[in-house]
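My numbering puts the first residue of the sequence shown at -12, with every later residue one more than the last.
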Amino acid sequence: MAVSFWNNLLQITKNRVLQQRGVSLYNYTHGFEEHVIKKKLEQFAGGSINLSKDGNGIGVLTVNNPRLMNAFTGTMMLELQEKVTELENWKEGKGLIIRGAENTFCSGSDLNVVKALSSMQDGVNTCMFIRNTLTRLMRLPLISVALVQGKAVGGGAELTTACDFRLMTPGSEIRFVHKEIGLVPGWGGATRLVQLIGSGNALKLLSGALKVDPERAVSLRLAEEILPSSDETGSLEEACTWLNQYTKGPAEVIQAMKKVVIAGRELHLEAALREEKDIFGTVWGGPAHVQALAQRPKHK
Ligand SMILES: CC[C@H](C(=O)O)C(=O)SCCNC(=O)CCNC(=O)[C@H](O)C(C)(C)COP(=O)(O)OP(=O)(O)OC[C@H]1O[C@@H](n2cnc3c(N)ncnc32)[C@H](O)[C@@H]1OP(=O)(O)O
-12 MAVSFWNNLL QITKNRVLQQ RGVSLYNYTH GFEEHVIKKK LEQFAGGSIN LSKDGNGIGV
48 LTVNNPRLMN AFTGTMMLEL QEKVTELENW KEGKGLIIRG AENTFCSGSD LNVVKALSSM
108 QDGVNTCMFI RNTLTRLMRL PLISVALVQG KAVGGGAELT TACDFRLMTP GSEIRFVHKE
168 IGLVPGWGGA TRLVQLIGSG NALKLLSGAL KVDPERAVSL RLAEEILPSS DETGSLEEAC
228 TWLNQYTKGP AEVIQAMKKV VIAGRELHLE AALREEKDIF GTVWGGPAHV QALAQRPKHK
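Shown next as structure tokens:
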């Protein structure tokens, strides 16, 4: 009785967290002092995170630091957080493509930053900071796709798992290299990988630091498809076309659809069903619903 009371309370609290925007996994109650690590990250400048948003509700987020195979400097980590906040507040948004600049995806943290922040405390705080951001990215009410061109390595491989889907270009690879540098994933990538491909397959990819080519990624259900083009422009167009299959219709309906899926993915059955009811209430009688009913649709 007592256990089920606490379980219910926990689920209700989690429900509320999922409904709010900008809520992080870690805060001062977990001993995480965000402002301290932000001050440190500011010192490692370079590269950028660029966001473009089109009139059809599709955003393209580009990890841009080609000199270092799009590795994340400190300021890029900070910029990613800002862009996620912007996307959380994008009312017209429906879909998001994440890609790397100049024909490669991302090689994780800038190893110069890793070296400079080598104390256990700095390492753990940096990971908590990014894990917060990637958890919010994963929970965006947008359908997200990682467009993997070239290499997605280390934290770059982890970033792909924060998206709903992965599309790979011919010759590209995803590789969790952490073991090779004496680490385990710290950006939440191991947890998400287990959810995506199961614990046995995840253990093989992580403990073997295996190179996952597009064919293997599709067979593991890590990637949806191999795109025909390997060049930047062609593959972006193809990724947009792929995503457009799922983003037709009004933003409020697409966003509600993503939210019911997040609830199903993250909550226990009863809490997820309650959440689905609440989200349903936000679209029932809404403009898209009323308009569709007025047209007496037939779905042949
Ligand atoms: C939990 C996440 C984890 C953490 O933060 O704790 C990490 O993400 S740690 C970082 C994990 N990533 C790596 O260890 C990648 C190391 N780099 C490579 O393995 C290769 O460079 C590779 C496979 C990404 C690309 O190989 P390729 O032959 O195609 O290119 P180059 O090696 O010639 O790379 C060009 C240039 O970029 C530099 N580079 C690449 N990645 C990084 C990085 N993560 N940090 C800093 N610099 C990086 C590379 O050293 C080359 O520079 P150069 O001056 O020409 O040597």
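Heads up, the beta-carbon is just placed ideally off N, CA and C, and yes, glycines get one too.
Alpha carbon of residue i to alpha carbon of residue j, nearest angstrom
{"i": "residue 69", "j": "residue 117", "result": "12 Å"}
{"i": "residue 228", "j": "residue 221", "result": "11 Å"}
{"i": "residue 244", "j": "residue 126", "result": "12 Å"}
{"i": "residue 233", "j": "residue 128", "result": "13 Å"}
{"i": "residue 22", "j": "residue 285", "result": "55 Å"}
{"i": "residue 240", "j": "residue 256", "result": "22 Å"}
{"i": "residue 152", "j": "residue 193", "result": "20 Å"}
{"i": "residue 54", "j": "residue 83", "result": "25 Å"}
{"i": "residue 73", "j": "residue 275", "result": "25 Å"}
{"i": "residue 161", "j": "residue 76", "result": "30 Å"}
{"i": "residue 111", "j": "residue 203", "result": "32 Å"}
{"i": "residue 11", "j": "residue 43", "result": "29 Å"}
{"i": "residue 226", "j": "residue 159", "result": "15 Å"}
{"i": "residue 216", "j": "residue 177", "result": "29 Å"}
{"i": "residue 101", "j": "residue 165", "result": "12 Å"}
{"i": "residue 247", "j": "residue 187", "result": "28 Å"}
{"i": "residue 261", "j": "residue 279", "result": "25 Å"}
{"i": "residue 172", "j": "residue 281", "result": "51 Å"}
{"i": "residue 249", "j": "residue 79", "result": "19 Å"}
{"i": "residue 41", "j": "residue 17", "result": "38 Å"}
{"i": "residue 210", "j": "residue 231", "result": "17 Å"}
{"i": "residue 198", "j": "residue 237", "result": "39 Å"}
{"i": "residue 169", "j": "residue 99", "result": "16 Å"}
{"i": "residue 106", "j": "residue 190", "result": "27 Å"}
Presumed contact (8 Å Cβ cut-off) between residue i and residue j, rounded CB distance
{"i": "residue 195", "j": "residue 141", "result": "15 Å between Cβ atoms; not a contact."}
{"i": "residue 26", "j": "residue 104", "result": "Contact flag wrong, Cβ pair sits at about 12 Å."}
{"i": "residue 19", "j": "residue 155", "result": "At roughly 34 Å, the Cβ-Cβ gap does not stay under 8 Å, so residue 19 and residue 155 are not in contact."}
{"i": "residue 36", "j": "residue 63", "result": "6 Å"}
{"i": "residue 124", "j": "residue 71", "result": "5 Å"}
{"i": "residue 259", "j": "residue 251", "result": "5 Å"}
{"i": "residue 288", "j": "residue 31", "result": "Past the boundaries of the shown model lies residue 288; the chain is included only from -12 to 287, so the question cannot be answered."}
DSSP bridge partner residues for residue i (one or two, in chain order)
{"i": "residue 49", "result": "37, 86"}
{"i": "residue 25", "result": "Bridge partners of residue 25: none, in fact."}
{"i": "residue 153", "result": "133"}
{"i": "residue 161", "result": "139, 199"}
{"i": "residue 59", "result": "96"}
{"i": "residue 212", "result": "154"}
Proximal residues to residue i (C-beta, below 6 Å), its chain only, five neighbours per side dropped
{"i": "residue 179", "result": "148"}
{"i": "residue 121", "result": "149, 174, 175"}
{"i": "residue 39", "result": "47"}
{"i": "residue 87", "result": "50, 57, 93"}
{"i": "residue 34", "result": "51, 52, 60, 63"}
{"i": "residue 67", "result": "36, 120"}
{"i": "residue 218", "result": "none"}
CB contact check: residue i to chain D, cutoff 8 Å
{"i": "residue 68", "result": "The structure shown contains no chain D, having only a single protein chain."}
Contact test: residue i Cβ vs ligand 2 heavy atom, cutoff 7 Å
{"i": "residue 161", "result": "Ligands displayed in this structure: ligand 1; ligand 2 is not among them."}
Neighbourhood of residue i by C-beta distance below 8 Å, restricted to the same chain and skipping five residues each side
{"i": "residue 208", "result": "183, 184"}
{"i": "residue 29", "result": "61, 62, 65"}
{"i": "residue 283", "result": "none"}
Residues near residue i in its chain [Cβ-Cβ closer than 7 Å; skip 5 each side]
{"i": "residue 273", "result": "239"}
{"i": "residue 24", "result": "112, 113, 116"}
{"i": "residue 90", "result": "136, 137, 219"}
{"i": "residue 201", "result": "155, 157, 159, 210, 213"}
{"i": "residue 263", "result": "247, 250"}
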